[in-house]
Each structure stands twice: as C-alpha cells, then as structure tokens.
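According to numbering that gives the first Met the number 0, the sequence shown is numbered sequentially starting from 0. See below for the structure under consideration.
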Amino acid sequence: MARLAVNVDHVATVRQARGIDEPDPVLAAGLAELAGAEGIICHLREDRRHINDRDLRLLRETIKTRLNMEMAAVDEVVDIALTVRPDLVTLVPEKREELTTEGGLDVKANPDHYEKAVKRLKDKGIQVSFFIDPDPDQVKTSAQCGADIIEIHTGHYAESRSDSEAASRFGRIATAVEAAEDLHLKISAGHGLNYINVKRFRALPQIEEYSIGHSIVARAVLVGFERAVREMIELVKDF
Ligand code: PXP
0 MARLAVNVDH VATVRQARGI DEPDPVLAAG LAELAGAEGI ICHLREDRRH
50 INDRDLRLLR ETIKTRLNME MAAVDEVVDI ALTVRPDLVT LVPEKREELT
100 TEGGLDVKAN PDHYEKAVKR LKDKGIQVSF FIDPDPDQVK TSAQCGADII
150 EIHTGHYAES RSDSEAASRF GRIATAVEAA EDLHLKISAG HGLNYINVKR
200 FRALPQIEEY SIGHSIVARA VLVGFERAVR EMIELVKDF
C-alpha cells in the first residue's frame, strides 16, 4: 500500500500571483491531512517564488504527518533546514530560470558535495532523500553518499507522447527501482504524475510514497482540495 504526500507549492503560486495572503498553503496542508495524505511537501526555493520562510515555519508547527522540505544542497538552505527541522529533506537541483524542477540531481558529478550535505542533515536526525533520474548509476552513488531514500524523477515518463514511449520510459523507472531495492534504499517517486499516468505504477509495489502537487492543486480548483486529495489516495493506496 503506497502513501501519498501532497506538495502544496502551487497553492502558494496562486497566492503569489496576486501578492496577497490567500490561498494559504498552510491551510491546504491541513485539508490534505484531513483527507488522508500521509505527508506534506514544500520546496523552499532560493528565489522564494512560491513557498516562503513563514510558510515553512507554520507548516512545521501545524502539520501532524511528515514534513518533507525540498531544497537545493546549498549551505544557506541547509542552515534553514537545520533550524526548522523537517522530518525529511529532499535534495533537488535548482535553476533560477526553470518553471519547475527539470532534471534529477547529478550525484555522480559531485558526490563529495552531496555527502557533506547528507552528513550535516543526518547528524541532526533529518532523513535525506535524493531526487534523481531513473539511472542505476545515480542510484548507486546516492546510496554511497548516505541517502536514506531516493525519489525517482517521473517527469520524463509523464511527458511521453505515445504509449510506447511511456512504456519504454516506465521500463527505465522499473530498472532504477530494482537497483534501489538491491541497495536497501527506500523508494519514492514524483513529478508530473496525474490521475491517469499514475495508474501504471500499480506494477511497482516497491515504491512506498508518491510526491504529487500540480495535478492535485489543478483538480482542487474545480472540485475542492479534500476531494482532489482523496481521489488521488484512492488510486495509489492499492499499489
Ligand atoms: N518531486 C519533486 C522533487 C519536485 O520538485 C516536484 C515539483 O515541485 C514534485 C515531486 C511534484 O511534482 P508535480 O507538482 O508535477 O506533481
């Protein structure tokens, strides 16, 4: 049975579009929990384009499940994580000009850097996840750097333009899942997943948690936040 963790960044995106104080991602996180989400995720970007320091602090104070803070592995943000103490940090690559996280971490290119960040966070009791492309070498290096969890980037799969392309990209995800299982890593997945393309993941029961944001917020605008979360839980809970 897989868990759903809900990313509330895009509730904050709507708020920032008006530059006022609603809708509040903290309120959305509470509703997601009431609907059965088992974790809340937010990405504190260096440019604070959606989630800000106040949101992170209040989420830490109010959520009852697990707070997963997505962030770049840069000292200034690691310092914030060490103060706020989320349950889990997911290290992601971050480029200012991107609309959303575009690729996985290139752990192989700079293992020492990531190992150092992992050590600082784990010394304070914070679990660490690496957001990586479905590449067995990245999986292996993530384990060597001390990651507890890998989150497999499903964005390329989600962008497939045909069923055969989706099947082939899903095959790569399955291979990475096997590599992670061999190394006894915990496995999550996310990015670009929606109410339709998530169904294929029924074939991968090794994935323990799904990290989903945009499609839930998009549906919530039309049907309400709790219903949107519940409908996604209905899909992933039997995986
Ligand atoms: N996982 C990571 C590491 C992400 O950066 C994002 C996007 O913020 C997600 C999952 C969720 O992606 P989406 O909003 O497309 O569901």
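Don't be surprised by glycine CBs; every beta carbon is placed ideally from N, CA and C. Only a predicted model underlies this, so the values are computations on that prediction, with no experimental measurement involved.
- Task: Please name the residue or residues paired with Thr89 in a DSSP beta bridge.
- Result: Glu69, Ser128
- Quick one, are the C-beta atoms of Ala188 and Glu225 less than 8 Å apart? no
- Message: Quick check on the burial criterion: 16 or more other C-beta atoms within 10 angstroms. Buried or exposed for His261?
- Response: With the chain covering 0 to 238 only, the question about residue 261 has no answer from this structure.
- Message: Closer than 7 Å to a non-hydrogen atom of the ligand PXP - does that hold for the CB of Thr12?
- Response: no
- Quick one: Cα of Arg17 to Cα of Ala34, how far? 27 Å
- Task: Provide the residue span of the alpha helix (DSSP H) that contains Ser163, from first to last.
- Result: 162 to 181
- Could you check which residue in Arg171, Gly145, Ala157 has the C-alpha nearest to that of Asp111? Gly145
- Item | Between the CA atoms of Leu3 and Glu180 - distance to the nearest angstrom | 20 Å
- Every unbroken alpha helix (DSSP H) within the region 17 to 41, with a cutoff of 4 residues, ordered by chain: 24 to 33
- Task: Apply the 10 Å Cβ neighbour rule to Ser161 and answer buried if 16 or more other Cβ atoms are within range, or exposed otherwise.
- Result: exposed
- Straight-line Cα distance separating Asn109 from Ala142: 14 Å
- With distances taken between CB atoms, is the gap from Leu234 to Lys198 smaller than 8 Å? yes
- Item | Buried or exposed by the 16-neighbour rule on C-beta atoms within 10 Å, applied to Gly191 | buried
- Message: Helix, strand or coil, according to DSSP, for Arg2 in the structure here?
- Response: strand
- Which residue comes first and which comes last in the beta strand (DSSP E) that contains Ala188? 185 to 189
- Item | Terminal residues of the beta strand (DSSP E) in which Ile232 lies | Note, Ile232: premise wrong, no beta strand (DSSP E); alpha helix (DSSP H) at 224 to 235.
- Element boundaries [alpha helix (DSSP H), containing Tyr156]: 154 to 157
- Message: Tell me which residues share the same chain as Ser214 and place their Cβ nearer than 6 Å to its Cβ, disregarding the 5 neighbours each side in the sequence.
- Response: Asn193
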